[in-house]
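Chains A and B supply the protein sequences, listed in that same order. Residues 1 to 235, numbered by the working numbering, are exactly what the first sequence covers, in order. Residues 236 to 1079, numbered by the working numbering, are exactly what the second sequence covers, in order. Ideal Cβ positions, reconstructed from N, Cα and C, are used throughout, including at glycine.
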Amino acid sequence: MIQLRGVSKTVMSGGQPLTILHPLDLDVASGRCLAIIGPSGSGKSTLLGLIAGLDAASTGTIAIGGTDITRLDEDALARLRGEKIGFVFQFFHLVPSLTAIENIQVPMEIAGRRDATARAQALLDEVGLHDRGHHYPSQLSGGEQQRIAIARALANDPPLILADEPTGNLDSSNGRHVLELLLHVRRSRGVTLVLVTHDPSVAAVADDRLVLRDGKTVPGTSGEASEVPGTLTRS
Amino acid sequence: MRFVLLMAAREMRASWQRLLFFFVCIAIGVGAIVALRSVIQSVRNTFAGEARSLIAADAIIASNQPLKPEMIAKIDQRLEAAGAKSMRSIELPTMARPADRAEGRARMVELRAVERGFPYYGRMKLAGDVPYSHALLENFGVLVRPELLAQLDVKIGDGLRIGSQRFTIRGVVQSEPGRRLGAFSIGPRVFVDLTDLEKTGLLGLGSRAAMQRLLKVPDAAFDKLIVDLRADFANEFARVRSYKATEDDIGEDFARAENYLSLVGLVIVILGGIGVSSVTRVFVQQKMKSIAVLKCVGARSSQLLAVYVAQVAVLGLAGSFLGVMLAGLAMQAIPSLLAGATPGVEITYALTWPAIVQGLGIGLLVSLLFSLVPLLDVRHVRPSLLLRDEARVRRPDATQIVVTVLVVTGLVGLTVWQAGSLRIGSLVAGGFAATAIALHVAGTLLLRAITPIARSRSFALRHAVLQLSRPGSQMRIVLLAVGLGSFFIIGVRSLQQNLVDQFSVRMTADSPDMFLIDVQRDQVTAVEETIAAHLDKGVVAPPLVPVLRARVVGVAGRDVNLENYEDVRGRGSLAREYTITYRSKLAANERIVAGKIWDPTPSDEPEVSIEQFISESFKINVGDTIRFDVLGRTIAAKVTSVRFVEWSQSRAGGFMFLFRPGVLEKAPHSFIGFLRGPQDLEARARLQTALVSVAPNVSVVDGREIIEAIKSVVDNVTLAVTVVGTLVVLSGLMILIGAVAMTKFRRVYEAAIFKTLGATRRLIAAVLVLEYGLLGILAGGIGAGGAIGLTWAISKYALDIPFKPLIGLSAAGVVVTTVLVAVIGVMSSWEVLQRKPLATLRAE
């Protein structure tokens, strides 16, 4: 599903180039769950952003479902995200001016689907917020907002879900519920799930773990050796 | 497309309150354009198709001297052939005074004498719904305007002395046909019977009576008759005015007035547009995260751009509709405001469809043009923003540059369209751009000047300055709009003050302030004696000046040779009728620039001294011979000198052609007089009454009344510009309110942090007061500085009057601007003071 070859990211900082992600190879097969872990500033979110096409890699190629996204322009990337990738953020990032159900409808409307309203309602039911569709994000708790974000990520039935610290901004109870929901979605839909997390308990539920430190991959501390030498650990 | 429309609708639902002032900005400008255009169009519609009523006939033959008998015969023959009817009418400025009170003061009036059957078109409307009939005028009846009743303290039934006759007031004229709108009037209108006028002695030689022949012509014969008459009068002191030409003139006058006034509205809309641009920029900044989210879930930049452009279009249109509503309300108030501006004419004021459509179009266009460039930033929002905050300084890309050029071209096009002229439109657009740049530069310099205050020990002052100079501050835009408004208001007020002061200075100087016209030769002694008896002690009246009317009908010269009047007509203003005089020496305001002045002895050989302008414009030199037609007699005079006349000191007389004594004395002529009247108002009135008693045909023009009339015109212009300036200031304040509203989220957050760190509400309030107070001082300072510069330039180069900086007025302007900006700025920031810090910090 995901294939990275020699992917790195260098940015300019104070007029000097700063490599925040060193060259990296990575393969994630369809239906797998990968946890990217590491301390703050280790490059986790950068890697996730590169996989989602939110940011451009400085070197290397990134293929999603066989499509080399490094060759795509902004519009093609947007289309690819709409069709193939669902994104869940630590800070939810719901559009504050839209109601919960409208937030879920948006990706389907962009894709031109006619059944957006009915399907958004079904997704609301699936995440357990049947009667909260007409509330604005500011009227929902953090846990509820994250569940709406998950429903939005599922709107176009993407084969890949990317989640950046999905429980990082929630209390433990809400965090547990959100994680269960993500795992449930993964099981029931067979999607590929990539999670960025600090939390070892969240990482523990993943099939594979990628550990980053200072922008470099390091061997994992638990599980089996990775399929890609030196980078992945497998539960 | 569906997504674009759905998103635009949803976004608007959430943000319309924040963008409320966006459409208020547009509304004020659109309201101004629609109201101004509607007023002019209403006036035009009132007159549309009524050109005949405007001149009360199909055509008028007008002349300011009696026509020769052979011309009259020819006219009669032409009219008979065309099956046309005609009647005579005479217009004449003269004096009127109460007939039954010896002490009653005299007033100048615009007399119109008419025959039975007047008017052919339109109708006379009298007060109290009294039907008009010629019988009201016959046998020395007079109809007067209501203002004359008040001025002379007379009423219907009282007697009025005009010339040598006593008339009885038989009615009050509310409106009349044949009265041109906005024409300068030297006195109220009175109507008398033409036969009676002939008995008043007012039509003597030198009378300024305008003779008219009103024609009613069958349609089929109309065009031919007019062409024939014009050909007949080509070389005569008469002209033929048809209702069709009047219609064209009026059409052009109104179109010009409408376009000029619309430019005023456009300036306000453009200021609103600048506000819109500023709001849009802040709006996009606030929407960055939402835009990133939408891009993250698959939205393309073009789709998002379309979402926001659609919002702008809807808001622009909503603002324009609000503007139309405001204009509708303004139109309700117009009749009472403009009642005095159109005496004698009734106009129904209403919004007109063309004005509404134009207003809506302009509102929409300006909204789109001004928001397009800031909206292009939507393209640069990267979805990775959701993963980490990134601040990038972008240089404008090619698209932005191209769009900016297109927008500027669009705005210039809009201005040209509104001005109805490429030249004026370009000038206004250029002027506006130059002013905006000047204000922007002034703002930047002032800001730099106050930067050292940021090192002040006072926390409040330091932070007030920092707030003004921080990136993203809306200060410059507020400075531009509020500064421009106060510049208009202070500028026009100081100009008015300078002008009025100048008039007063001239009047208090030892110079003539009363003018006598139409003194007949046999009245000269009596008039001079009357004047001498009434003047203040020590004041000596200069002798009366002889005047004749003459026309140049030929020039035989070194550089130019004009055989006949037809040739002269080809030289433009040389063909007009001139007032000429004769005297033995130069006046105080004259000097010779070529040739030499004659010796004081009279001569039978005609000699003329010409004014420098005539010499330069028509290439007439010393030694050339000019042929004049003086009351039908041709006089060939040799040019013996060229004079320079200081026209600004010409109230003691200034003449283009001055003759050597000896020739013109024999021709019939009248006299005029310039004198310094008594300074006491009662004594002035007594002199006027005494003069009218000894010479009833003489008109006595009081310079002070003329100054009052000019003052009232200046007052009206000042009022109009002040209204415009107020609207501009209002737009500026709206922009200020908007700027505060748009950046409030940041201010609330900062205030929360300050409060957490121990700042009291009082301290934060002090920061706000100082910040907006400083902004107000800067805006007022820019306005006052610009106004002083403008007044200086206009006084020096356009009006040629001494310049006096009005420090008090300018200071008052700065204070008012400061207080306004400070009050509105602080009031709009109320939430910054009120919000509890914890709630704010949690929300962040």
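Open item on the list: Can you confirm whether I110/A, when its beta carbon is compared against all beta carbons of chain B, has any partner nearer than 7 Å?
Closed with: Taking the first residue of the first sequence as position 1, residue 110/A is located at position 110. Yes - at least one Cβ of chain B is within 7 Å of the one on I110/A.
Task: Residues from the stretch 62–78 of chain A in contact with chain D, defined by Cβ distance under 7 Å - done: No chain D appears in this structure, whose protein chains are A and B.
TODO: Tell me, to the nearest whole angstrom, how far the beta carbon of F258/B is from that of L550/B; I am working on the premise that it is less than 8 Å.
DONE: Numbered from 1 along the second sequence, position 23 holds the residue referred to as residue 258/B. Numbered from 1 along the second sequence, position 315 holds the residue referred to as residue 550/B. That pair is a contact at about 5 Å.
- [ ] Keeping to the same chain, check which residues put their C-beta closer than 6 Å to that of A785/B; ignore five residues upstream and five downstream.
- [x] For the purposes of this step, residue 785/B is taken as the residue at position 550 of the second sequence. These residues qualify, in order along the chain: Y813, I815, F863, V865.
Task: Three-pair Cβ contact test at 8 Å for the stretch 1001–1020 of chain B versus the stretch 1048–1064 of chain B - done: yes
Open item on the list: So G82/A contacts chain B; which residues on that side make the cut at Cβ distance below 8 Å?
Closed with: As a working mapping, residue 82/A is identified with position 82 in the first sequence. The contacting residues are V532, G533, A534.
Open item on the list: For V95/A, would you say it is in contact with chain B, using Cβ-to-Cβ distances shorter than 7 Å as the test?
Closed with: Sequence index remark: in the first sequence, residue 95/A carries index 95 (1-based). By this cut-off, V95/A is an interface position.
- [ ] Would you mind telling me which residues of chain B sit closer than 9 Å to L54/A, beta carbon to beta carbon, in chain order?
- [x] Taking the first sequence and counting its residues from 1, one reaches residue 54/A at position 54. Here the neighbours are A527, K530, C531, R617, P618, S619, L620, L621, L622.
Task: Where Y1080/B falls: helix, strand or coil (DSSP) - done: Because chain B in this structure spans residues 236 to 1079, residue 1080/B falls outside the shown range and cannot be described.
TODO: Could you round the C-beta distance between I712/B and S513/B to whole angstroms and report it? I think they count as a contact, below 8 Å.
DONE: Walking along the second sequence from the start, residue 712/B turns up at place 477. Walking along the second sequence from the start, residue 513/B turns up at place 278. Indeed, because the Cβ distance is near 5 Å, the residues count as touching under 8 Å.
TODO: Indicate whether at least one CB of chain A lies closer than 7 Å to the CB of A249/B.
DONE: The residue you call residue 249/B lines up with position 14 of the second sequence. It does: the Cβ of A249/B has a partner Cβ on chain A nearer than 7 Å.
Open item on the list: Please report the straight-line C-alpha distance between L783/B and G666/B, rounded to a whole angstrom.
Closed with: Translated into the one-based positions of the second sequence, residue 783/B becomes position 548. Translated into the one-based positions of the second sequence, residue 666/B becomes position 431. So the alpha carbons of these two residues sit roughly 47 Å apart.
TODO: Just grab the DSSP bridge partners of C33/A for me.
DONE: The residue labelled residue 33/A in the question sits at position 33 within the first sequence. DSSP output for C33/A lists L193/A as bridge partner(s).
Open item on the list: For R900/B, which residues in the same chain have their Cβ closer than 8 Å to its Cβ, ignoring the five residues on either side in sequence?
Closed with: Position 665 of the second sequence, counting from 1, holds the residue named residue 900/B. Going by the sequence as given, residue 900/B is Glu instead of Arg. Hits under 8 Å: P781, Y817, P837.
Task: Test: F92/A CB closer than 7 Å to a CB of chain B - done: Taking the first sequence and counting its residues from 1, one reaches residue 92/A at position 92. Cβ-Cβ to chain B under 7 Å: no for F92/A.
TODO: Flag F238/B as yes if its beta-carbon sits less than 7 Å from any beta-carbon of chain A, otherwise no.
DONE: In the second sequence, the residue the question calls residue 238/B occupies position 3. Interface residue, yes.
- [ ] Name, in chain order, the residues that DSSP records as bridge partners for G873/B.
- [x] Walking along the second sequence from the start, residue 873/B turns up at place 638. It is worth fixing the name first, because residue 873/B is Lys in this sequence and not Gly. Looking at the DSSP assignment, K873/B forms a beta bridge with E842/B, T860/B.
Task: Rounded C-alpha distance that separates M891/B from A872/B - done: As a first step, residue 891/B must be located in the second sequence, where it is residue number 656. As a first step, residue 872/B must be located in the second sequence, where it is residue number 637. Taking the straight line joining both Cα atoms gives about 14 Å.
Open item on the list: Can you find the residues in the same chain that come closer than 7 Å, C-beta to C-beta, to A1057/B, ignoring five residues on each side of it along the sequence?
Closed with: Within the second sequence, numbered from 1, the residue matching residue 1057/B stands at position 822. Only V1004, Y1007, G1008, G1011 meet the Cβ criterion.
- [ ] Taking only the alpha-carbon atoms, compute the straight-line gap between M523/B and R981/B and give it to the nearest angstrom.
- [x] One-based indexing of the second sequence puts residue 523/B at position 288. One-based indexing of the second sequence puts residue 981/B at position 746. Between M523/B and R981/B, the C-alpha separation is close to 15 Å.
Open item on the list: Tell me the rounded alpha-carbon separation between R5/A and R189/A.
Closed with: Position 5 of the first sequence, counted from the start, is the residue given in the question as residue 5/A. Position 189 of the first sequence, counted from the start, is the residue given in the question as residue 189/A. Taking the straight line joining both Cα atoms gives about 28 Å.
Task: 7 Å Cβ cutoff met for T1026/B and S729/B - done: Locating residue 1026/B in the second sequence gives position 791, where the first residue counts as 1. Locating residue 729/B in the second sequence gives position 494, where the first residue counts as 1. Contact: yes.
Open item on the list: I want to verify the contact list: residues of chain B whose CB lies under 8 Å from the CB of R152/A, in sequence order.
Closed with: The residue given as residue 152/A occupies position 152 in the first sequence. Going along chain B in sequence order, the residues near R152/A (Cβ under 8 Å) are V532.
Task: Local Cβ density within 10 Å of L34/A, reported as buried at 16 or more and exposed below that - done: Walking along the first sequence from the start, residue 34/A turns up at place 34. The residue in question, L34/A, is buried, as its Cβ has 16 or more Cβ neighbours within 10 Å.
- [ ] Kindly indicate which residue of R342/B, R690/B, P423/B, L586/B has the alpha-carbon position closest to the one of S273/B.
- [x] On the second sequence, residue 273/B is found 38 positions in, with the first residue counted as 1. Out of R342/B, R690/B, P423/B, L586/B, L586/B has the C-alpha closest to the C-alpha of S273/B.
Open item on the list: So if I threshold CB-CB distances at 8 Å, which residues from the stretch 163–174 of chain A count as touching chain B?
Closed with: D164
Open item on the list: For a contact defined as C-beta to C-beta under 7 Å, what are the partners of L690/B on chain A?
Closed with: In the second sequence, counting from the first residue as 1, residue 690/B sits at position 455. Position check: residue 690/B holds Arg in this sequence, whereas Leu was assumed. Correct list: empty, because the minimum Cβ distance to chain A is about 26 Å.
- [ ] Determine the contact status of D164/A and V191/A, defining contact as a CB-CB distance below 7 Å.
- [x] Taking the first residue of the first sequence as 1, we reach residue 164/A at position 164. Taking the first residue of the first sequence as 1, we reach residue 191/A at position 191. The answer is no: Cβ separation not under 7 Å.
Task: Three CB pairs or more closer than 8 Å across the stretch 172–182 of chain A and the stretch 636–649 of chain B - done: no
TODO: Look at the alpha carbon of E373/B and the alpha carbon of K479/B, and state the distance between them as a whole number of angstroms.
DONE: Along the second sequence, read from residue 1 onward, the residue named residue 373/B stands at position 138. Along the second sequence, read from residue 1 onward, the residue named residue 479/B stands at position 244. Going from the Cα of E373/B to the Cα of K479/B covers about 32 Å.
Task: Residue-level contact to chain A via CB, R630/B, 7 Å cutoff - done: Residue 630/B sits at position 395 when you count from the first residue of the second sequence. No, no contact with chain A.
TODO: Measure the CB-CB distance between A334/B and L371/B and report whether it falls below 7 Å.
DONE: Within the second sequence, residue 334/B is the residue found at index 99, counting from 1. Within the second sequence, residue 371/B is the residue found at index 136, counting from 1. Result no, Cβ atoms of A334/B and L371/B do not sit closer than 7 Å.
TODO: Tell me where the alpha helix (DSSP H) around D75/A begins and ends.
DONE: Residue mapping note: residue 75/A aligns to position 75 of the first sequence, counting from 1. 74–84 is the extent of the alpha helix (DSSP H) around D75/A.
- [ ] Work out the CA separation of A527/B and E126/A for me, nearest whole Å.
- [x] Against the first sequence, residue 126/A aligns to sequence position 126. Against the second sequence, residue 527/B aligns to sequence position 292. Answer to the nearest angstrom: the Cα atoms are 26 Å apart.
Open item on the list: Let me make sure I understand the geometry here. Which of L140/A, F87/A, D25/A, I161/A has the alpha-carbon closest to that of V532/B?
Closed with: Against the second sequence, residue 532/B aligns to sequence position 297. For V532/B, the nearest C-alpha among the options comes from F87/A.
Open item on the list: Taking the alpha helix (DSSP H) that K1071/B belongs to, which residues open and close that run?
Closed with: As a first step, residue 1071/B is located in the second sequence; it is residue number 836 there, counting from the start. Where K1071/B is concerned, there is no enclosing alpha helix (DSSP H), given that its DSSP letter is neither H nor E.
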